[in-house]
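Notes for the one structure printed next.
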DNA sequence: CTGAAAGCGCTTACAG
DNA sequence: CTGAAAGCGCTTACAG
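Protein chains in written order, with our numbering: chain A, -16 to 323; chain B, -16 to 323.
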């Protein structure tokens, strides 16, 4: 074999006794190539172990089949699951995904976006937690199609969950179970998606006269923060201790569970609902009830939207917005004896 | 601004009133460019918003500054942390990492490797859980430098942890705490890294006369599997129920904790040690003692090795092997009242 | 159905 | 210190 990667299309052509253009047609316009010729080309490719050079192809075709995906947070297991689903969808359309994360570092984010431009990715998916106006502007300035997730600013086409409904589903479930002293545990600073979930909770409680709402603010949305929040809740005066909690996501819910399940009965004394239905939710110390968001569908829609942006056949114009509906998965953290 | 990405190096040259070669030198051999000329070029780049086209550069230079990273398992939080660390190191050397995972699908793996070859990545990092002979052969056949992690076959340079020491550290800790009925919970099928950890446990117990070892085999190394194992252990006859458990990794340890902490006292009745010290370990229902593996160091060494492979200055020849040492982090799952 | 030629956007010796 | 020219490995009209 040797350094087979030095085999060029030209070499294949020479071996098959045809011109390079014909080999290229063999790949891209097979119908134009005679079966006998195709046979010889196939043999030459096999003999030589030819693999096309995508950089050269990209240069000429002006498309790289590369998609940039900038996540602002990958620590979250939900992100990991999304990446996996999105990659699968992208691969099906012949794209390779460049997955990167800025982890909240603004400087790094600029660098990563510039890398996308240098690589001439065909499009970019932004899954931010904060504002993205500037980033979107830079990419648009370079003519790079962008799709946002969970962002309704209208700066670019977006796919999002119905966050308000997410909050409503969680709160309704608790209220239906007879819970009245509700707590919402999450961080709100500048994150609209969270504010909307909270609004959903408020929507429900507004219709329940004897209910109350305690909002616990967190620094981050991690298991560790959930633990901290649990300490804070446990320290409240008895009349304020909640009997139902909506956690902003599953890691926070698990952190709450890990501390509270030592001290009180879950769900008898306090019922807990998470959001996202990550894999760990079902396996928590008490299996966690959670509002699931249809991640595969989300990934598929994101790619569909980006793909149509790339090909300029954006249906509905620049402002397309896809909203997906969540659904409640009931487990033992709210209803004892639920089948596993 | 407009479609700024259509700005080419030629355009910059025209605007600055120099030849393309000089602009190229401005980037790659700045010392050859007069300061006054450089000034004009800088201005032109700014005015035009020029960003180089890496595909064109790659074609000419025959290097893409792309690294392929094929992980065979990303569900594990440890993998996610590794990816983050490796990306950071790679970026520092000007590389962009293509992170993909085969999730055990052999067919998909071939496709992904072919993608790496088509993209003409400068090198590949393989973090497998099983055998990799064939994959290594394919890549070498195409002249692509490869580095392996956790693989001592010698098929390619590798960086690994001292797995046997990992097992020893965990077992010694339990034995020192007076535990004698030890269980090892993990799957062994074809995964040498696990076999070596188990061997380390055996090493220690061989020197403790009144000790016993129960090995519990799992399907996967997930939280769910840990839960299943816990059920199985709880069903044993009293004399066989372990008082010390080594879990093959932290997710399994957490699964064990989540079930066992309901039924017995942890660590009084049973002490549990995990491996990897993932972020969740410290936040578990009972904070999990774990054998930490120095992930940042691991990522740095992996990249260093790959980088020297790429540049042909491999010190110590083809068979370079870097072995890193783990260390024990003690928490409440083995020692009550441990500071958090 | 096939080939010759130009060109994608850059870099690299080589002259000067 | 700067420029002209060739070439990286492909694809794409255009002839034939």
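Cβ atoms here follow ideal geometry from the backbone N, Cα and C, with glycine treated the same way.
Values in this document were obtained by computation on a predicted structure and should not be read as measured data.
Around residue 98 of chain A, the beta-carbon contacts reaching into chain B at under 9 Å are 37, 74, 79. Assignment of residue 32 of chain B by DSSP, reduced to helix, strand and coil, places it in the coil class. DSSP, reduced to helix, strand and coil, places residue 86 of chain B outside both helices and strands of the structure shown, so it counts as coil. Residues of chain B whose Cβ lies closer than 8 Å to the Cβ of residue 103 of chain A are, in chain order, -12, 36, 37, 38. The DSSP-derived three-state label of residue 161 of chain B is coil.
Around residue 77 of chain B, the same chain offers 48 as residues with beta carbons nearer than 8 Å, after the five sequence neighbours per side are excluded. Residues of chain B whose Cβ lies closer than 7 Å to the Cβ of residue 11 of chain A do not exist; the shortest such Cβ separation is about 15 Å. If you draw a straight line from the Cα of residue -9 of chain B to the Cα of residue 29 of chain A, it is about 37 Å long.
For residue 200 of chain B, the enclosing beta strand (DSSP E) has its first and last residue at 195 to 200. With 16 or more other Cβ atoms inside 10 Å of its own Cβ, residue 9 of chain A counts as buried. Straight through space, the alpha carbons of residue 106 of chain B and residue 18 of chain A are spaced by roughly 37 Å. A residue is called buried once 16 or more other Cβ atoms fall within 10 Å of its Cβ, and residue 270 of chain A is buried on that count.
Boundaries of the beta strand (DSSP E) around residue 257 of chain A: 254 to 259. For residue 266 of chain A, the chain B residues whose C-beta falls within less than 9 Å of its own C-beta are 205, 206, 207, 209, 210, 234, 237, 238, 241, listed in chain order. Listed in chain order, the non-local C-beta contacts of residue 242 of chain A below 6 Å within the same chain comprise 210, 213, local neighbours out to five positions each way being set aside. Taking C-beta separations shorter than 7 Å and ignoring five residues to either side along the sequence, the partners of residue 155 of chain B in its chain run 187, following chain order. At a cut-off of 8 Å between beta-carbon atoms, residue 290 of chain A makes no contact with chain B.
The stretch 216 to 230 of chain A and the stretch 250 to 263 of chain B do not touch, with fewer than 3 CB-CB distances between them shorter than 8 Å.
At least one CB of chain A lies nearer than 8 Å to the CB of residue 82 of chain B. In the DSSP assignment, residue 106 of chain B forms a beta bridge with B/50. Here the alpha carbons of residue 51 of chain B and residue 251 of chain A stand approximately 50 Å from one another. Using a Cβ distance threshold of 8 Å, residue 150 of chain A and residue 183 of chain A count as a contacting pair.
The criterion of a C-beta distance shorter than 8 Å is satisfied by residue 23 of chain B and residue -1 of chain B.
Proximity of residue 156 of chain A to chain B, defined by a Cβ-Cβ separation below 8 Å, is not satisfied. Not a single CB atom of chain B sits nearer than 8 Å to the CB of residue 320 of chain A. Beta bridge pairing from DSSP links residue 243 of chain B with no other residue.
Put simply, the CB of residue 42 of chain A is near chain B, with a gap under 8 Å to one of its CB atoms. For residue 21 of chain A, the CB contacts under 8 Å within the same chain, skipping 5 residues up- and downstream, are 9, 13 in chain order.
Listed as beta-bridge partners of residue 144 of chain A by DSSP are A/307. Residue range 272 to 275 is occupied by the beta strand (DSSP E) that includes residue 275 of chain B.
For residue 249 of chain A, the CB contacts under 7 Å within the same chain, skipping 5 residues up- and downstream, are 240, 243, 255, 269, 316 in chain order. Here residue 224 of chain A carries a coil assignment [DSSP, helix/strand/coil]. Taken through DSSP and simplified to helix, strand or coil, residue 281 of chain A comes out as helix.
With 16 or more other Cβ atoms inside 10 Å of its own Cβ, residue 6 of chain B counts as buried.
Only residues of its own chain outside the window of five on either side were considered, and among them none has a CB closer than 6 Å to the CB of residue 25 of chain B. Using a CB distance cut-off of 8 Å, residue 85 of chain A does not count as an interface residue toward chain B.
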